[in-house]
Amino acid sequence: MQIFGGGDSNAGYRSKAEFTVTIPKPKDSLLSMKRLAHPPYNFDFSSYDFHLLTKIKEILRGKWFTDAEGALAAYEKTVKATPMCEWAKYSSKWFHRVQ
Numbered sequence: 000m001q002i003f004g005g006g007d008s009n010a011g012y013r014s015k016a017e018f019t020v021t022i023p024k025p026k027d028s029l030l031s032m033k034r035l036a037h038p039p040y041n042f043d044f045s046s047y048d049f050h051l052l053t054k055i056k057e058i059l060r061g062k063w064f065t066d067a068e069g070a071l072a073a074y075e076k077t078v079k080a081t082p083m084c085e086w087a088k089y090s091s092k093w094f095h096r097v098q
């Protein structure tokens, strides 16, 4: 059951257990909020269809490296072996998603 105060901005909600929650006035709650120019992390920028990283991980899976330099060299070799047309295709998809 919902109860509204007939135009009162402090509307409440009462459930069947007679529990009341008071909702603050919108202008009061907006004063305590800080609006950011952009969110610190946005799921729109982390594209789920950027599959090249998965392909690179699959190529390197199961390989063992003795040091960080060896792992970096194998990664760079794999990246260079990836055709530029694949990089262009997936990066353009990501770019259009961000817009």
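Numbers 0 to 98, taken from numbering that gives the first Met the number 0, label the letters of the sequence shown in order. Using N, Cα and C, we set each Cβ at its ideal position, and we do this for glycine too.
Identify the continuous alpha helix (DSSP H) that holds residue i and give its terminal residues.
{"i": "Lys79", "result": "67-80"}
Hey, residue i and residue j: beta-carbon distance below 8 Å or not?
{"i": "Leu59", "j": "Thr77", "result": "yes"}
{"i": "Lys56", "j": "Ala73", "result": "no"}
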